[in-house]
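**Student:** Residue numbers (the numbering used here): 23 to 153.
Cβ coordinates follow ideal geometry from the N, Cα and C atoms, glycine included.
These figures come from a predicted structure and were not determined experimentally.
Got a structure for you, written out below as structure tokens; questions coming shortly.
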Amino acid sequence: MPHKTIHPESWLPAKGYANGVLTKNGVLHIGGQIGWDANKDFVAQDFIGQMRQALSNIRDIVEAAGGTVEDVTRLTWFVTDKAEYLASQAEVGKAYRDVFGRHFPAMSMVVVSALVEDDAKVEIEATAHLQ
23 MPHKTIHPES WLPAKGYANG VLTKNGVLHI GGQIGWDANK DFVAQDFIGQ
73 MRQALSNIRD IVEAAGGTVE DVTRLTWFVT DKAEYLASQA EVGKAYRDVF
123 GRHFPAMSMV VVSALVEDDA KVEIEATAHL Q
């Protein structure tokens, strides 16, 4: 089998998608993560709380594959409220560093009109390269 599905053990099953796919050459593709926990419950209604949880989910998937956040090479952010993001820069930086430390991969941010989960304010995709 050329690819391996990555799913943290404590999480509810993913239905119809994979949270992570590890290729045979060590590239880990992480599907969009939102601000819900292992039980698929939102931990917060605010942008910062959801962002922190989405990043924590990415960290958990990378660790389930045997890596660390330092292996993450790309993050793509989808946000529903640009003004809320821009008004929270100090909190964004703190929440980011709480999860990823001072590791800053290539990043893009896209403002979208909505996400599939109605309560989601942010969704983050990631790519990591594991040794």
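Under three-state DSSP, which class holds Ser-78?
**Tutor:** Your numbering for residue 78 matches position 56 in the sequence shown. If DSSP states are grouped into helix, strand and coil, Ser-78 belongs with the helices.
**Student:** Helix, strand or coil: how does DSSP classify Val-49 here?
**Tutor:** Position 27 of the sequence shown holds residue 49. Strand.
**Student:** Quick one: which unbroken beta strand (DSSP E) runs of 3-plus residues sit fully inside the stretch 91 to 133? Chain order, please.
**Tutor:** If we require 3 residues or more, the beta strand (DSSP E) runs fully inside the stretch 91 to 133 come out as 94 to 101 and 128 to 133.
**Student:** Rounded to whole angstroms, how far is the Cβ of His-125 from the Cβ of Glu-92, which I believe are closer than 8 Å?
**Tutor:** By one-based count along the sequence shown, residue 125 stands at place 103. By one-based count along the sequence shown, residue 92 stands at place 70. Indeed they touch by this definition, with Cβ atoms about 5 Å apart.
**Student:** Using DSSP bridges, identify the partner residues of Gly-38.
**Tutor:** For the purposes of this step, residue 38 is taken as the residue at position 16 of the sequence shown. Answer is none; Gly-38 lacks a bridge partner.
**Student:** Can you name, in chain order, every residue of its own chain whose Cβ lies under 7 Å from the Cβ of Ala-36, other than the five neighbours on each side?
**Tutor:** In the sequence shown, residue 36 corresponds to position 14, counting from 1. Answer for Ala-36: His-29, listed in chain order.
**Student:** What are the residues that DSSP puts in a beta bridge with Phe-64?
**Tutor:** The count along the sequence shown starts at 1 and reaches residue 64 at position 42. Trp-58.
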